Ligand code: F58
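Residue numbers (UniProt numbering): 9 to 842.
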């Protein structure tokens, strides 16, 4: 292979750059070799897989950049309305396959590389995940920008170009250890740096009251610290369209690289300190998936990216409109992905009032027409609050403005509910008592014209429980937008065999742009031949996953077992420990009766715990340690295996999802806002075992009761049990098996020589009050698993159910979600690019 590639290289060195060819494969070959030589200064003989990856990525990028320029000039020439998506997280994963696929050059590039003798698998494995997000929220943003481009919607995503993404996870003796994710260390071929669009923003300082020329009082934000944001653009190509949008990620820099005074005095370290501090802002993603812990740097990150983005948005608008605030809200729609960018409300107000001298009502009208806000959680600990003293120090002028927003807001509240002080404090943006705090969700609701939840059930609870009075105060403001996933990454790219079968069966290749077409697969669900093809693909995917499990965990698993998968962040409310209790119960049943007739199972876990979340880490350890014991116990004849794959990320999800038989979506009802992994797994023909929570409810409606395993308490039942005073010990004493399982986990049996290893887990389930009601749902969960077992034994039945899942989840394409946002919230028409 090397000689073949080397001879190709020998030819191109002499050839002119960018040799044009009518043959697409030849011209891609030439382009890859050109980049290898001229961009990366490598020859084919010494090129590593990563060199080949970089050269191939650059070649793909060339295809995208010309379309990007065309798209941007079409948008500019027509002065279109644009959507700006503000998100602190984008969990993009690898970009090579989706870029090639969306650019329409995937097959030709594969062929070109083959003819060059390059090992494709090694090449693609050398791309690091772009893991600039924690979980569902960040991955949703990535799916959304894919759909925006695919639907020809003019949109720009704004975020931070973190030098370190979400930590890399390893296991040591079953414990999670975190390592830095230095994903950029070898360069990032997808990013186009644009120093010419850098923005300077300010922070800290204080507010002075000055009188202007006409004798009017004017607050002035002075003595501020200056920061520079440099944009890095990632091209975002649509699938099957010419549109290429951009994801614009800010890198922070100091305004002055060196403090020359300090430098001249010989203090080199002093001289670069300012630079180092400024660059810290875009250094690292905060690895929390639920709690907001009020860290100053996090607030600075939020303001930095919001301020840079707004300046950029305003620059783009004014370039065309001159001084056109009158139609700003006609051209600009801004979506706030959670409250993390909610400071945008106060920042735009500051610009309009302090810098542009608009009066309050004018400014406020522009703001509320511009912003809309998406809520992703009902968990109280996840609702963002900032201490007033911190805000006063970091953003003193914004604090003043937020107080004034609140004063006016509370006037409206008082007008609606006269004399009701309780109502005032409930609705206030400022939480009093025990140290004043700003409630960012309230600021976002007040400053937006639309607020949406991410699944039907979630939106109802949002209106009823989280913002009950706001729904009365602002009728019509609250909407539902059920989440979705991009069928390109989550079926076409990650499951090529199933995709080919679908294209063949439907007789049309355009289903990734129109996922409702999958409905027609339902007609085949009863056909034995189709069932066999469908399940044969599943089996091949399971063989591949089995190899990965062997490689990463050293565990041998059989592809004939039922692959039972729970992959998501590790959190008590997601109840990985309920899954563990069931595994231990099965283990116990097998030990009591080695001949127990059960379908062999492989339990697959993948999950990262927030580094400071001790109980989550204890659960990881418990699954690893108990799993190891089960895996090595010959008495159970391999009927149970437990594999916890390290370092869960998009790339690993792409491997696990096509191989899953059963999808665990087992959160306490009312806690999971939507879930999106549930959609990916169902689309790939896994059956769901789940509670009536988040989007599981809607998945159940689509696939039908016969094709899903629902168990556990409903939201109403959870509430009733809690109101009656939930006592986990009642369930513990009433259920002999449950009691034995909990006692066993609490004993030192699984960790000989190490006392009370799982005491935190054991305590949380009993004396800790079992806040997520694991015990209350255990028996119903265990029964649902018996139903799963029975269904799996009946292969044709299972195949039919799996096919029905793939056929009926077209609703969960993020294209549908984005169309709804565009029509109902953004009022955003598509702009086809010719
Ligand atoms: C998730 N939230 C929801 N937050 O939990 C999930 O149900 C939903 O499907 C998904 O959003 C998309 O709507 C989530 O992922 C975070 O990761 C935040 C990161 C920053 C700190 C607070 C949590």
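Glycine is no exception: its CB is placed at the ideal position from the N, C-alpha and C atoms. Every value quoted in this text rests on a predicted model; they were computed, and no experiment measured them.
Return the chain-ordered list of same chain residues with a C-beta closer than 6 Å to the C-beta of residue i, the five sequence neighbours on each side being excluded.
i: residue 361; result: 371
i: residue 828; result: 489
i: residue 95; result: 149, 167 and 345
i: residue 296; result: 618
Considering only C-alpha positions, which residue in the set the options is nearest to residue i?
i: residue 59; options: 48, 69, 386 and 606; result: 48
i: residue 289; options: 172, 613, 72 and 559; result: 172
i: residue 524; options: 117, 817, 34 and 447; result: 817
i: residue 164; options: 152, 332, 726 and 570; result: 152
i: residue 563; options: 221, 306, 708 and 640; result: 640
i: residue 240; options: 784, 199 and 224; result: 199
i: residue 743; options: 733, 786, 755 and 703; result: 786
i: residue 574; options: 482, 537 and 683; result: 683
i: residue 52; options: 624, 71 and 125; result: 125
i: residue 108; options: 473, 456, 428 and 65; result: 65
i: residue 480; options: 454, 622, 560 and 443; result: 454
i: residue 379; options: 352, 389, 751 and 32; result: 352
i: residue 591; options: 624, 566, 720 and 750; result: 750
i: residue 315; options: 363, 211 and 499; result: 211
i: residue 247; options: 356, 140, 133 and 105; result: 105
i: residue 136; options: 195, 115 and 127; result: 195
Ignore the nearest five residues each way along the sequence and tell me which others in residue i's own chain have a CB closer than 7 Å to its CB.
i: residue 832; result: 487
i: residue 21; result: A caution first: residue 21 carries a pLDDT of 39, below 50, which makes its placement in the model unreliable, though a value can still be read off. Hits under 7 Å: 45.
i: residue 384; result: 145, 346, 462 and 681
i: residue 834; result: 91 and 341
i: residue 632; result: 179, 182 and 652
i: residue 708; result: 716 and 718
i: residue 307; result: 394, 398 and 402
i: residue 17; result: For residue 17, the predicted model reports a pLDDT of 41, less than 50, meaning its position is unreliable; a value from the coordinates is still stated below. Only 41, 51 and 52 meet the Cβ criterion.
i: residue 72; result: 107, 111, 243, 245 and 252
i: residue 443; result: 395
i: residue 556; result: 663
i: residue 839; result: 82, 83, 86, 88, 160 and 162
i: residue 824; result: 492
i: residue 464; result: 488, 490, 705 and 706
i: residue 377; result: 337 and 457
Checking the sheet assignment: what are the DSSP bridge partners for residue i?
i: residue 396; result: Answer is none; residue 396 lacks a bridge partner.
i: residue 381; result: 344 and 459
i: residue 610; result: 571 and 649
i: residue 785; result: Answer is none; residue 785 lacks a bridge partner.
i: residue 698; result: 673 and 718
i: residue 256; result: 166 and 241
i: residue 228; result: 216
i: residue 234; result: 210
i: residue 493; result: 821
i: residue 176; result: 187
i: residue 262; result: 235
i: residue 138; result: 101
i: residue 419; result: Note: residue 419 sits in no beta bridge, so no partner.
i: residue 439; result: 445
i: residue 486; result: 459
i: residue 292; result: 172
i: residue 90; result: 340
Which whole-angstrom value describes the C-beta separation of residue i and residue j, a residue pair presumed to lie in contact below a C-beta threshold of 8 Å?
i: residue 728; j: residue 184; result: That pair is no contact at about 36 Å.
i: residue 156; j: residue 231; result: Actually they are not in contact, since the Cβ atoms of residue 156 and residue 231 sit about 40 Å apart, beyond 8 Å.
i: residue 697; j: residue 674; result: 7 Å
i: residue 358; j: residue 417; result: Not really, about 17 Å apart at Cβ, beyond 8 Å.
i: residue 699; j: residue 668; result: No, residue 699 and residue 668 are not in contact; Cβ-Cβ is about 18 Å, not under 8 Å.
i: residue 191; j: residue 143; result: So it is not a contact: roughly 17 Å between Cβ atoms.
Keeping to the same chain, check which residues put their C-beta closer than 8 Å to that of residue i; ignore five residues upstream and five downstream.
i: residue 712; result: 812 and 816
i: residue 325; result: 332, 336, 339 and 340
i: residue 801; result: 607
i: residue 3; result: Because the chain spans 9 through 842 in this model, residue 3 falls outside it and cannot be assessed.
i: residue 826; result: 152, 155, 156, 159, 161 and 492
- [ ] Answer yes if the segment 685-692 comes into contact with the segment 593-607, meaning at least three C-beta pairs across the two stretches below 8 Å, and no otherwise.
- [x] no
Open item on the list: Closer than 8 Å is the cut-off here; do at least three beta carbon pairs connect the segment 74-87 with the segment 463-474?
Closed with: no
Open item on the list: Tell me whether the segment 551-560 and the segment 823-832 touch, counting them as touching only if at least three CB pairs, one residue from each stretch, are closer than 8 Å.
Closed with: no
Open item on the list: Can you confirm whether the segment 420-439 touches the segment 447-455 when touching is taken to mean that 3 or more C-beta pairs between the two stretches lie within less than 8 Å?
Closed with: yes
- [ ] Report yes or no: do the segment 192-210 and the segment 645-664 share at least 3 C-beta pairs separated by less than 8 Å?
- [x] no
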